[in-house]
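Asker: Protein chains in written order, with the numbering used here: chain A, 1 to 247; chain B, 1001 to 1199.
1. Can you pull out the residues from the segment 1016-1037 of chain B whose beta carbon lies closer than 7 Å to at least one beta carbon of chain A?
2. Considering residue 248 of chain A, what are the terminal residues of the alpha helix (DSSP H) in which it resides?
3. Are the segment 48-57 of chain A and the segment 109-124 of chain A in contact at 8 Å, needing three or more beta carbon pairs?
4. Are there 16 or more other CB atoms within 10 angstroms of the CB of residue 1098 of chain B, so buried, or fewer, so exposed?
5. Whose Cβ in chain B lies nearer than 8 Å to the Cβ of residue 216 of chain A?
6. Count the CB pairs spanning the segment 20-31 of chain A and the segment 70-90 of chain A that are closer than 8 Å, and state whether there are at least three.
7. Determine the closest residue to residue 181 of chain A out of A/153, A/14 and A/53, with distance taken between C-alpha atoms.
8. Between which residues of its own chain and residue 136 of chain A is the CB-CB distance below 6 Å, once the five residues before and five after are set aside?
9. What are the uninterrupted segments assigned as beta strand (DSSP E) that are 3 or more residues long and contained completely in the segment 1115-1195 of chain B, given in chain order?
10. I want to verify the contact list: residues of chain B whose CB lies under 8 Å from the CB of residue 238 of chain A, in sequence order.
11. Name the DSSP bridge partner or partners of residue 1075 of chain B?
12. Anyone know if the C-beta pair for residue 33 of chain A and residue 11 of chain A falls short of 7 Å?
13. Looking at the structure shown, is residue 163 of chain A part of a helix, part of a strand, or coil, going by DSSP?
14. Under 8 Å by Cβ, that's how I've got residue 131 of chain A and residue 62 of chain A pegged, so tell me the actual separation to the nearest angstrom.
15. Is the beta carbon of residue 1151 of chain B less than 7 Å from the beta carbon of residue 1162 of chain B?
16. Helix or strand or just coil, what does DSSP make of residue 1061 of chain B?
17. Please list the partners that residue 106 of chain A has in chain B, where partner means a Cβ-to-Cβ separation under 8 Å.
18. On the premise that residue 1005 of chain B lies in contact with residue 88 of chain A, defined as a C-beta separation below 8 Å, what is that separation, rounded to the nearest angstrom?
19. Determine the burial state of residue 1017 of chain B: buried for a count of at least 16 other Cβ atoms within 10 Å of its Cβ, exposed for fewer.
20. Consider the Cβ of residue 1177 of chain B: report whether some Cβ of chain A lies at a distance smaller than 7 Å.
21. Below 7 Å CB to CB, which residues in the same chain sit around residue 226 of chain A once its five sequence neighbours on both sides are set aside?
22. Please state whether DSSP places residue 143 of chain A in a helix, a strand or coil.
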């Protein structure tokens, strides 16, 4: 069932932060140089390990945001107020800092341009990150796989990669705002439901490859509704983050 | 050579029972969900549990088996641990009772609705260390957490506790399951931090 991923050891690597991009008031992208990076597939993640001066250490998983065609590893980290790792990554890390990480990890929630389309990507909040890696990979390879992205965001100011989403255009990107919409917004202003999915999703007969990423409740609802709409469960791939993580 | 992340430090109080926390884990009181696809909703009238090729129980028969109520700590490879989770189900020892499991002397694959599989040495499934559970905290196991029934192997990382489990197959050789094929460790002992292949 699984694609052929080499069962290689996920060595601990030392990454050097080259650039910190402030995506939103809550989120940064860390672009890192990782010597001996073996390459990755769109949708994979890394495990970042932090070590304090007293030896205390913590590790969390973060989706890779850059496409395989772009050198190095970029992760986008949203700061969780009660988090332990994300506030450090989002606020304290500067260009030149070093971080330990392992990866790439995960081989199920991945898309390769050679897999073809159509692609249906459904994101809740920062669940957009691995899906953006797929869209960037699609663009970098000149893939002609048709793609649609449905993104649920609480409010405009927390939307990641806004300029890139705008470039992709309305044919690809559908946004719904669940708490506050920008002035003059004429699109959806509700949680993702069956009607919205029916409007955005390809017909089951088109056999889209479906990737859903977001908070667990969001993923559960979207996956259940897509199956109810007639999409085969084996074409629906999910990645979730619970209330307590990744932080 | 470990990198020290200056300015980074513990932000959560150290749990009083810190020694109960395997290396690299943090304590949570939530119960996060991780799965690779949609949640299956099998029809209990058609649900069966199968061991090897010899033993099969219907849902009613399964509930009639002698039950145990383990209370255990669980550890997810994504770094969260949860203490004192309570379950009700059937020990794998009693599912294997009467079968000549020892003749396989090797490995098992737990298989599930939705196509998920995971591999375990038989020695990790026997000896009072593993159950097939159908209640969590006194309630029917919710589908998102693996209901109607899941494997519970709490001394290994929690992906080994396969959700929506429908049976156990035996092998002489260790055959990697779903996550194991994708780079996760074949055994997954949290106390040895066996997260990924080669750990």
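Even for Gly, the Cβ is constructed at its ideal location relative to N, Cα and C.
Answerer: Result, derived from the coordinates:
1. 1024, 1026, 1028, 1030, 1032, 1033, 1034, 1035, 1036 and 1037
2. Past the edges of chain A, shown from 1 to 247, lies residue 248 of chain A, and the structure says nothing about it.
3. no
4. Under this definition residue 1098 of chain B is an exposed residue.
5. 1032, 1033 and 1144
6. yes
7. A/153
8. The answer, listed in chain order, is 67.
9. 1117-1121, 1131-1136, 1150-1152 and 1165-1171
10. 1035, 1036, 1037 and 1038
11. B/1081
12. no
13. helix
14. About 14 Å; that fails the 8 Å criterion.
15. By the CB criterion at 7 Å, residue 1151 of chain B and residue 1162 of chain B fall inside the cutoff.
16. helix
17. 1182 and 1183
18. 7 Å
19. exposed
20. no
21. Cβ within range, chain order: 197, 201, 210 and 236.
22. Coil at residue 143 of chain A, not helix or strand.
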